[in-house]
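To start, the structure itself, in structure tokens.
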């Protein structure tokens with residue numbers, strides 16, 4: 001059983017922590033009775049942690065350690081890994097949440113962090129940062145790295161203003177393409193007529209283009225063997241796009257169609 005004692009006008013608690021080790025903790029107790037109350041609460045907390053009914057302050061490590069683990073374990077093989085590394089390092093690894101342990105992290109910490117970000121970034125970006133933290137903690141819970149509640153669930157998403165979308169009109173497409181440098185026309189024409197992502201555009205191979213049957217196979221992204229969605233799609237080639245693809249294929253020095261934008 002623990003005890004309380006006074007030293008240099010401060011009350012200290014002597015107790016066994018969740019790992020069974022004796023520790024001393026300085027408090028701001030107003031007196032011996034207040035210190036004893038704190039000790040009782042602390043002993044109950046330690047006992048609950050020992051029996052798996054509660055979470056310790058150090059379980060799961062710090063927020064920075066969480067993200068380093070998440071990047072290596074979950075993000076590394078994803079198509080968006082480079083962007084994840086950039087965002088995590090910029091906002092979390094060296095940020096104000098970095099040194100807080102998961103057991104100590106509260107919704108208030110997260111809300112304050114997002115409020116500060118809202119002064120500089122759009123609601124979409126702030127919501128994206130919230131999703132990073134929410135997803136990383138949920139991943140830690142699934143992996144058994146952390147057993148406490150996810151405090152991000154109590155933090156509401158920012159309201160994103162609805163903007164009326166604007167698109168190229170049908171008659172504007174030829175004018176936009178004609179205004180481009182000839183070397184870039186195949187790339188932008190493919191983007192406009194297929195709606196492919198940037199990584200998918202640059203991963204297109206000549207064998208993926210069937211001009212005879214006017215079909216395009218989308219199977220990869222950048223240097224990956226799968227798309228961001230993890231599937232293979234076959235989409236039709238518009239009549240207006242076919243000449244641009246044919247030119248790109250005939251002038252590309254590699255197996256890729258998408259030395260496309262570099263064929264000048």
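In the working numbering, the protein residues as written are 1 to 264.
In this text, a Cβ means the ideal position worked out from N, Cα and C, and glycines have one as well.
As the structure is a computational prediction, the values presented were derived from the model and not from experiment.
Under the three-state reduction of DSSP, which class applies to residue i: helix, strand or coil?
| i | result |
| --- | --- |
| residue 262 | Confidence is the limiting factor: at residue 262 the pLDDT is only 47, short of 50, which leaves the residue's position unreliable, though a coordinate-based value still follows. Looking at residue 262 - three-state DSSP - the assignment turns out to be helix. |
| residue 15 | strand |
| residue 44 | helix |
| residue 266 | This structure does not reach residue 266, given that the chain is present from 1 up to 264, and the question cannot be answered. |
| residue 210 | strand |
| residue 26 | strand |
| residue 215 | strand |
| residue 73 | helix |
| residue 62 | strand |
| residue 156 | coil |
| residue 251 | helix |
| residue 101 | strand |
| residue 196 | coil |
| residue 241 | coil |
| residue 191 | helix |
| residue 122 | coil |
| residue 143 | coil |
| residue 94 | coil |
| residue 181 | coil |
| residue 150 | coil |
| residue 174 | helix |
| residue 87 | helix |
At the level of alpha carbons, what is the spacing between residue i and residue j?
| i | j | result |
| --- | --- | --- |
| residue 98 | residue 87 | 14 Å |
| residue 90 | residue 134 | 17 Å |
| residue 160 | residue 140 | 28 Å |
| residue 233 | residue 239 | 19 Å |
| residue 221 | residue 157 | 30 Å |
| residue 316 | residue 231 | Since the first and last residues shown for the chain are 1 and 264, residue 316 lies out of range. |
| residue 217 | residue 92 | 38 Å |
| residue 115 | residue 164 | 26 Å |
| residue 191 | residue 108 | 43 Å |
| residue 25 | residue 7 | 11 Å |
| residue 67 | residue 20 | 29 Å |
| residue 117 | residue 146 | 26 Å |
| residue 174 | residue 193 | 11 Å |
| residue 46 | residue 205 | 60 Å |
Let's test the definition: count the other Cβ atoms within 10 Å of the Cβ of residue i and tell me whether it reaches 16, buried, or not, exposed.
| i | result |
| --- | --- |
| residue 136 | buried |
| residue 182 | exposed |
| residue 200 | buried |
| residue 215 | exposed |
| residue 153 | exposed |
| residue 13 | buried |
| residue 70 | buried |
| residue 11 | buried |
| residue 237 | buried |
| residue 253 | exposed |
| residue 207 | exposed |
| residue 84 | buried |
| residue 40 | exposed |
| residue 15 | buried |
| residue 176 | exposed |
| residue 150 | buried |
DSSP beta-bridge partners for residue i?
| i | result |
| --- | --- |
| residue 6 | 11 |
| residue 168 | In DSSP, residue 168 forms no bridge with anything. |
| residue 256 | 205 |
Any contact between the segment 121 to 132 and the segment 167 to 175? By contact I mean 3 or more CB pairs, one from each, below 8 Å. With a cut-off of 8 Å, the segment 167 to 175 and the segment 121 to 132 do not count as touching, because too few Cβ pairs lie within range.
The segment 237 to 252 / the segment 204 to 212 touching (three or more Cβ pairs under 8 Å): A contact exists between the segment 237 to 252 and the segment 204 to 212.
Between the segment 236 to 245 and the segment 184 to 204, can you find at least three pairs of beta-carbon atoms closer than 8 Å? Two segments are said to touch when three or more pairs of C-beta atoms, one from each, lie closer than 8 Å; by this definition the segment 184 to 204 touches the segment 236 to 245.
Whether or not the segment 93 to 108 and the segment 59 to 71 are in contact is what I'm after, with contact meaning three or more pairs of Cβ atoms, one per stretch, closer than 8 Å; do they touch? In short, these stretches touch, since the Cβ pair count reaches three.
Would the segment 71 to 80 count as touching the segment 110 to 123 if we require 3 or more Cβ pairs under 8 Å? As far as the Cβ criterion goes, the segment 71 to 80 does not touch the segment 110 to 123, which means the pair count is below three.
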